[in-house]
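Chemist: Dumping the structure here so I can ask a few things about it.
In the working numbering, the protein residues as written are 24 to 92.
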């Protein structure tokens, strides 16, 4: 609904979301940020899975196993 209103009134709509599916479905441009730094600013059609994987890559994360008794 908000994207429709923005389009009809010739306004820019900016949203901060973590769902790549929603970004692809609703926006014609995507800006990728990682650690506060811009990694890319591209039309939605040029945002590849590889670019997105780089944004969400978790470095140094160690998952501890949980032992239930």
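No residue lacks a Cβ here, since even glycine has one placed at the ideal position from N, Cα and C.
All values reported here derive from a predicted model rather than from experimental measurement.
Would you give the residue range spanned by the alpha helix (DSSP H) that residue 77 belongs to?
Modeler: Start and end: 72-79.
Chemist: Are residue 50 and residue 67 closer than 8 Å when you measure CB to CB?
Modeler: Yes, they are a contact pair.
Chemist: Can residue 74 and residue 52 be called in contact, C-beta distance under 8 Å?
Modeler: For residue 74 and residue 52, no; Cβs fall outside 8 Å.
Chemist: Name the one or two DSSP bridge partners that residue 54 has.
Modeler: Its beta-bridge partners are 64.
Chemist: Output the distance between the C-alpha atoms of residue 48 and residue 77, rounded to the nearest integer angstrom.
Modeler: Rounded to whole angstroms, residue 48 to residue 77 spans 20 Å at the Cα level.
Chemist: Alpha carbon to alpha carbon, how far is residue 45 from residue 70? Give it in angstroms, no decimals.
Modeler: So the two alpha carbons sit approximately 13 Å from each other.
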